[in-house]
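Engineer:
Numbering (my numbering), first residue to last: 558 to 1004.
#1: Just the C-alpha distance for residue 798 and residue 722, rounded to the nearest angstrom, thanks.
#2: Counting only the same chain and skipping the five closest in sequence on each side, list residues whose C-beta sits under 6 Å from that of residue 818.
#3: Using the Cα positions of residue 963 and residue 567, report the straight-line distance between them to the nearest angstrom.
#4: Of the choices 697, 783, 840, whose alpha-carbon is the least far from that of residue 876?
#5: Using the C-alpha atoms, what's the distance from residue 967 back to residue 856?
#6: Rounding to the nearest angstrom, what Cα-Cα distance links residue 884 and residue 670 in this structure?
#7: On the DSSP bridge assignment, give the partners of residue 953 in chain order.
#8: Going along the chain, which unbroken runs of the alpha helix (DSSP H) with 4 or more residues stay wholly within the stretch 828-900?
#9: Kindly list the residues whose CB is nearer than 8 Å to the CB of residue 717, restricted to its own chain and excluding five residues on each side of it in sequence; keep chain order.
#10: Excluding the five sequence neighbours on either side, which residues of its own chain have a C-beta within less than 8 Å of the C-beta of residue 522, listed in chain order?
#11: On the DSSP letters alone, give me the boundaries of the alpha helix (DSSP H) that residue 573 sits inside.
#12: Which residue from 598, 627, 945 puts its Cα closest to that of residue 607?
#13: If you draw a straight line from the alpha carbon of residue 672 to that of residue 680, how long is it in whole angstroms?
#14: Is it true that the stretch 685-705 meets the stretch 740-754, where meeting means three or more beta-carbon pairs spaced less than 8 Å apart?
#15: Could you say if the stretch 591-604 and the stretch 573-581 meet the contact criterion of at least three C-beta pairs nearer than 8 Å?
#16: Residue 829 and residue 846 - do their beta-carbons sit closer together than 9 Å?
#17: Count the other CB atoms within 10 Å of the CB of residue 934; is the residue buried (16 or more) or exposed (fewer)?
#18: Does residue 843 pass the burial test, meaning 16 or more other C-beta atoms within 10 Å, or should it be called exposed?
#19: Indicate the three-state DSSP secondary structure (helix, strand or coil) for residue 1012 in the structure shown.
#20: How close, in whole Å, do the beta carbons of residue 927 and residue 955 come, if the pair is a contact with beta carbons under 8 Å?
#21: Assign residue 944 to one of two classes, buried (16 or more other C-beta atoms within 10 Å of its C-beta) or exposed (fewer than that).
#22: For residue 677 and residue 790, what's the separation of their Cα atoms in angstroms?
#23: Would you decide whether residue 987 is buried or exposed? Buried here means 16 or more other CB atoms lie within 10 Å of its CB.
#24: According to DSSP, simplified to helix, strand and coil, what is residue 689?
#25: Out of curiosity, what's the CA-to-CA distance linking residue 786 and residue 888?
#26: Compare the Cα-Cα distances from residue 890 to each of 682, 605, 874, 650 and report the closest residue.
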């Protein structure tokens, strides 16, 4: 506990103390004596196996396990005290990297959740026992109430310690509803274990263990797939950004800003992921533009400007075969269209422009204005947002501008680090930026 904030220490002591108090009271009052210890042992082992093999999530240092299904089965078969004992076995997890305090906290919060769920189960008319087939229907409502307490309480206890230790970014507030529904779905495995117990006794734990591990495998495969997608996107972005020293990190920031807008207008999780990919890859077509054109100082010829105007189409050609990008293709192809129809490559106007493209256009211009360039320093956020508002209705979609300004006011924005100009011999730079609405590219007619 050394190095933790004082509130985190107090909270840890309170949670651990409450759990030990519950268990101590159970021992003193003799409530543990009537428990079926063979059932308790099987459920505790099932809980421990699942808890020792969690699946890592894309959230930093976060993992998910379906061990709580065993604790909820204990609610039905053993009651609140048995569920608390099963939950406390989390402290014996063989998962590496857990300190003694973490183990004790994990066991304590599961014990508290199990005890609370058991209390609700009995309050709703459930009786702790091995259910028979005829009376199985009577278990559904009490079990649903127990699960509805266990899952949110488990989330809340963990969320508080994450916030108290400065890890609030790991609390998935945006996807909370989906997160809860997913966990409640896996909670039904607990009811399945209890229902099978009447016919096959402890073998039910083994039967349910198989789908539990299939679920774990599916979680792992999904995560591996997402990591593969992210690695593909990152590699393409790195290739693009090597062309210009000053635009490094631009793709990541456009992806972040695009996600902020998408969240503000209420996009669902799948489209939100796609818009972030589109933001990352919006300039991938620069790989098809000659470097000497991108880095040319001074005005461009009409032919050179035409080459730059083709980069959205080049981008589509490059990523066309990547199936998982889905709707991101439209964002990559049309992010330089303008609401007034004066953009490129197709001169679309208003609602003809795909939604993804209208989002990326705002995010792209904002990052260009708030980043250092060789020809000017980064503009303040206030200046950039004023420029976005100025261009709303002509260059930008007013809805997207408004959504982005609201998201900025709520979440803030961390400007990129100051760029230290590279030595002249090490990198070339450009004196204009086709993404910056305040510094339009100059084009001269060819003779």
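Where is the CB? At the ideal position from N, CA and C, for every residue including glycine.
Structural biologist: According to the structure data:
#1: 35 Å
#2: 916, 957, 960, 961
#3: 36 Å
#4: 840
#5: 40 Å
#6: 42 Å
#7: 949
#8: 848-851, 859-866, 868-876, 885-891
#9: 568
#10: This structure does not reach residue 522, given that the chain is present from 558 up to 1004, and the question cannot be answered.
#11: 563-586
#12: 627
#13: 12 Å
#14: yes
#15: no
#16: no
#17: exposed
#18: buried
#19: Here the chain covers residues 558 to 1004 and nothing more, so residue 1012 does not appear.
#20: In fact, because the Cβ distance is near 20 Å, the residues do not count as touching under 8 Å.
#21: buried
#22: 47 Å
#23: Residue confidence for residue 987 is low, a pLDDT of 47 falling below 50, so the modelled location carries little weight; the figure read from the coordinates is stated next. Its Cβ being crowded by 16 or more others within 10 Å, residue 987 is buried.
#24: coil
#25: 18 Å
#26: 874
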